[in-house]
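The structure appears right after this line, and notes come after that.
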Amino acid sequence: MRSAEILPLRPTASTVAVDYAGPFSAALLAPDSPAPALVTGPRGKRAEIRYNVYRNNVTVSLIGALSSIFPAVERITGPDFFRAMARFHVRETPPTSPLLFEYGRAFPDFIDRYEHAVNMPWLSDVARIERLWLDSYHAADAPILTAETLSSVPPERLGALVFTPHPATRLISSAHPAVTIFAANRSDGPVGRVENRPEEGLITRIDDEVTVHLLPPGNLVFLKALLDGENLTSAVGAALAAEPTFDLSGAIGEMIAAGAFSHVEMEASDVEPA
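Just so you know, we're using my numbering here: the sequence shown kicks off at 88 and counts up by one.
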């Protein structure tokens, strides 16, 4: 009996595609690297010029995507500064999704490391708000909790309510006046002086309109507790511990008007037996 032979596999279309795609894509965001040897023109000749044109178009497209996602950052820095910063980010961070609106999640952290932005310490938080704004815009639809729903709950049972967040709800906390700077630079009006102080914000969406709300002291702690699934009594306690002047009625009124939650239910331990 002849011993079995181990024959080399003939490359299939899929393996050829993988072998081609790897070197092709790896060099796209490396402008100093030569075009991959396997990139050829219609007659089998090297196609470095064609590849470089395509490479430039990819970079320009990704910079354009960042410009669309972070318009306030671009307005603050100016187009030339923004394009230079974005180009470095593109080369460092290739996209991982075919959906361009998913790109740029690492951009705020990149800004923190970008040496030419050190004199704008609030810039990365403005970028974080813009990224949250876009995530809120693309979040799933859901009903909005109304004041009428809350008013139907007996007062003695309000403390046991657990709130379900609307899918579009996001929170932001900044050591800088990032919410005010964001709002000022998402419009065409003039930007005045901004007091340097920490700010906290709530991002929500009603229908197709995303809104960023500047939160009073204590409100972020309160909302975060509710978003984490704590009942109303626990959330109020956390807010008062963080900020003794916390205004409960004002906080509830704002979160209802903003559409931050979808619905409420009674905590399981407080549900009356049938």
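Glycine included, C-beta positions come from ideal geometry on N, C-alpha and C.
All figures in this text were calculated on a predicted structure; none of them were measured in a lab.
Asked, Found
"Which of helix, strand or coil DSSP assigns to F309", "helix"
"Start and end residues, alpha helix (DSSP H) containing E352", "No alpha helix (DSSP H) contains E352, which is instead part of the beta strand (DSSP E) from 348-353."
"Element boundaries [alpha helix (DSSP H), containing E179]", "166-179"
"Three-state secondary structure (DSSP) of L210", "helix"
"Identity of the residue in A171, W209, A159, P158 nearest P264 by Cα", "W209"
"Integer-rounded CB distance, given that I290 should sit under 8 Å from L219", "5 Å"
"Simplified DSSP state of V105, which is helix, strand or coil", "Caution is warranted here: a pLDDT of 48 is assigned to V105, below 50, making its placement in the model unreliable, and no coordinate value can be reported."
"Spatial distance of N144 from G346 (CA atoms)", "41 Å"
"Cut-off 7 Å between Cβ atoms - residues of its own chain near I293, not counting five sequence neighbours on either side", "I231, G346"
"Neighbour-count burial assignment, E286, 16 or more Cβ in a 10 Å radius", "buried"
"Residues that I293 bridges to, as DSSP identifies them", "E296"
"Exposure of P241, with buried meaning 16 or more beta-carbon neighbours within 10 Å", "exposed"
"Delimiting residues of the alpha helix (DSSP H) encompassing P195", "194-200"
"For S260 and R170, the rounded distance between their alpha carbons", "27 Å"
"Buried or exposed (CB count within 10 angstroms, at least 16 for buried), H225", "exposed"
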